[in-house]
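In our numbering, the protein residues as written are 1 to 319.
Here a beta-carbon is modelled for each residue, glycine too, at the ideal position from N, C-alpha and C.
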């Protein structure tokens, strides 16, 4: 049946691609595709896949790829990706988060041979009771977890590298995640009109070494520091939750958030990101400075984020 969205006609199809029980997920989450009808024939090199999690970053990547003249086929992870992405891409499908076989089938159906994977995923969900029943992993997920990761740790880098290898066996190559949003990368130097106090430089030098070591161990990418002491460390909960915890522990405020890439950073996934939400959270929780790694940290909606930081009196430094 056809859907009318503004002046763009969509084709709406329900496909039982995974041939499994829905386990309570809506049809939209399991197998619906919204396709902007296109008569033009695209070659594989003109098509980009987008595996999308939560947040604004998938929108930025989609916009950059479209600007580069690519047809964008998006697989939005169920319960995570923003369904408004359907308005920004050529084809939008939902797929269960623990069923990478479904991702591959949806992408290959539209001649995708390369994809970018961006957006947040709440890792804490994977430690809920009855997780296997809730997510119904497919055979590829089991192969990743019990074969590719056999004898290895299951930290983010190990898991994501194994996922990339599994996608490759299905004919999908995972690409550098920043290649279509480089204009949003942090630059070296102070990016705000709000300046850093000289007294915070010691905190930055101290904290930088600590957070790089955390990255090397694949624990997290961010820490909060004040007076050369670590207040909070990011782990599975993510940066936003860590900021909240830092605010609770440091009632006097004036602390610094440092967020960097890992020494062994694979730019295909888990590239550090900050944005307006980060700035607002810092303000609510007494954070005064934000230090990020230049050329390796994405600033979501960069001009707006910098403007907001100045409005709220927060300095942003790229190092």
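Let me know the secondary structure DSSP gives residue 250 once reduced to three states.
Correct three-state label for residue 250: coil.
- Query: Which residues in the same chain have their Cβ closer than 7 Å to the Cβ of residue 178, if we skip the five residues on either side of it in sequence?
  - Reply: Setting aside the 5 residues that flank it on each side, residue 178 is surrounded in the same chain by 185, 267, 271, 298, each with a C-beta closer than 7 Å to its C-beta; the list follows chain order.
Review point. What residue range is occupied by the uninterrupted beta strand (DSSP E) comprising residue 255?
Key: For residue 255, the uninterrupted beta strand (DSSP E) segment begins and ends at 255-259.
Residue 311 vs residue 263 beta-carbon contact at 8 Å: With respect to the 8 Å criterion, residue 311 and residue 263 are not classified as neighbours on the basis of their beta carbons.
TODO: Rounded to whole angstroms, what's the CA-CA distance from residue 92 to residue 215? Just pull it up for me.
DONE: Taking the straight line from one Cα to the other gives about 33 Å.
Just reading off the beta strand (DSSP E) that residue 71 is part of, what are its end residues?
From DSSP, the beta strand (DSSP E) with residue 71 extends over 71-77.
Q) Should residue 285 be labelled buried (16 or more other beta-carbon atoms within 10 Å of its own) or exposed? A) Taking every protein chain shown into account, the CB of residue 285 has 16 or more other CB atoms within 10 angstroms, so this residue is buried.
> Out of curiosity, what's the CA-to-CA distance linking residue 39 and residue 220?
Replying inline: Residue placement at residue 39 cannot be trusted, given a pLDDT of 38 that sits under 50; the coordinates are not used to answer.
Q.
Can you confirm whether residue 180, when its beta carbon is compared against all beta carbons of chain B, has any partner nearer than 8 Å?
A. Of the protein chains in this structure there is only one, and it is not chain B.
Fill in: Proximity to residue 305 [Cα-Cα], best of 193, 208, 243
Of 193, 208, 243, the residue nearest in Cα terms is 193.
What are the residues that DSSP puts in a beta bridge with residue 117? 51.
Using the Cα positions of residue 30 and residue 120, report the straight-line distance between them to the nearest angstrom.
-> Note that residue 30 scores a pLDDT of 46, beneath 50, so its modelled location is shaky and nothing firm can be said.
Margin query: Using the Cβ count rule (16 or more neighbours within 10 Å means buried), how would you classify residue 146?
Written below: Taking all protein chains in view, the Cβ of residue 146 is surrounded by fewer than 16 other Cβ atoms within 10 Å, so the residue is classified as exposed.
- Task: Helix, strand or coil for residue 210, going by three-state DSSP, please let me know.
- Result: Note: residue 210 maps to helix in three-state DSSP.
Touching by the beta-carbon criterion (3+ pairs, under 8 Å), the region 81-92 and the region 199-207: Touching, no, given that fewer than three Cβ pairs across the two stretches are closer than 8 Å.
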